[in-house]
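Below you'll find the structure, written out as structure tokens, and then a few comments.
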Amino acid sequence: GKCCEALGVPDFRGLWCLTIGPKSAWMIDLCIAQMCLSACIIYSGIIGDTFTSLFTAAGVAEAFNQRSTNLLGVTGVALLPLCLLRSLAALGFTSLLGFGAVMYTAMFIVVRALDGTYAPGGTFHAVLEAAEGGAHLLPKFDMATTWGVSPKAFVLASNLGLAYIAHYNAPRYYTELEGRSPKKFDRVVALSFGVLATLYVTVMIMGHNLFGDNCQSNILLNFANSDPLAVGGRVATALSIVFGYPLAFAGLIDGIKGTCKSLLSEGTTLGGSLAAMTDPANETALRVGLLGLATAIALAVNDIGLVVGLTGSIIGASLVYIAPSIITLRAAKQVGPGEVGGALDKAVLRALIPLGLALGGIGAVETIKSYM
């Protein structure tokens, strides 16, 4: 907020161009595109998992209920038409739908953590125990300790880098804030992140209390298909993901076009392919191709935890810790003393850069190791 106010720039890319230089602006565009591509892959993975669980609960035979076919079906019937929309004005309700789905899911996880139905002897514990392949979903606490810290904590740090990421949209949020000022923006950010932190910590604690070491990357997969509260959570999540998908996809389209335009402005053409991707006549082909790419990767990667961990560690660290710190430090040299922070702020920002590099590198390594 302070950088936007001091430099009069309404977007993240503009801040980068003014403080670092326009020649490297493609790097920010590409990071944002990669982040949005990862979001689409994660959404597709959740869609495949969620619809498979819902169809199982509905009694659909396994031969007609495979994750791959379900994902392809939903992509062709719902996601493709939505992603071909040029205007997303009709999808304004998705923010409220997504918020409702998240709150319902959090509340039912808390209820199940407190009612004991998944504890040994509980109703749904017995259901999972009797189900084919249900053993890996049962509560298990062999690795759990009260204060122990392992290298896997860096995987959590990577996931948090993705969970809290909104930094590349911060300039836009600041510009659109009614009665904006750096102090008001700080209050809004503190409140928003405070609510998110409370929600995340609650779900993490309750989820771990339910399933311990066997928590799945998509926690909804842990719950019995016959659990009515879980079915409601899956329905709410499926709807919010399907209608929220085009919003992430729009960021992917903008990021790809921005990357192409940045490279073209510096004389890079890649044999005309960059110009082709920015040509409005090829818009439909570009959208279909990117949707196909995200879907193909989601089909190949069964566990969204791998995508979440790598995206959070590599891209998340860049956009959360490193890039904002560099931008702010460079902006401080271009404006009056104290306009974008004092000596303490600058010291913290300088510390965040190596912290981001360390968290990103170790998080990526530990994420890969956990899937080997």
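Residue numbers for the sequence shown follow this note's numbering, beginning at 1 and rising by one. Just so you know, even glycine gets a beta-carbon here, dropped at the ideal spot from N, CA and C.
Bridge pairing for G289: absent [DSSP]. Contact annotation: K2 and P280 have beta-carbon atoms that are not nearer than 8 angstroms. Residue environment for N70: buried (at least 16 other C-beta atoms within 10 angstroms of its C-beta). Three or more pairs of CB atoms, one per stretch, sit closer than 8 angstroms, so the region 39-52 contacts the region 294-314.
Counting only runs of 3 or more residues that sit fully inside the region 68-92, no beta strand (DSSP E) segment turns up. With contacts defined by Cβ atoms closer than 8 angstroms, I326 and R287 do not form a contacting pair. Rounded to whole angstroms, the Cβ separation of L357 and K346 is 18 angstroms, and the two are not in contact under 8 angstroms. K333 carries a coil assignment under DSSP once its states are collapsed to helix, strand and coil. Residue pairing from DSSP places K140 in a beta bridge opposite G212.
In this structure, the straight-line span from the alpha carbon of I368 to that of E283 is close to 35 angstroms. Annotation for I109: the continuous alpha helix (DSSP H) segment containing it runs T94 to D115. Rounded to the nearest whole angstrom, the CA to CA distance from A300 to V335 is 49 angstroms. Within the same chain, K140, F141, D142, M143 and A144 come within 8 angstroms of D213 by CB-CB distance, once the 5 residues on both sides are set aside. Counting the other Cβ atoms within 10 Å of the Cβ of R86 gives fewer than 16, which makes it exposed. Between the region 95-104 and the region 227-245, the count of C-beta pairs closer than 8 angstroms reaches three or more; the two stretches touch.
When the alpha-carbon of Q34 is set against those of C17, E266 and T311, the nearest one is in T311. Counting along the chain, the unbroken alpha helix (DSSP H) around Y245 starts and ends at P228 to S265. The shortest CA-to-CA distance from G207 to any of L199, I219 and T278 is the one to I219.
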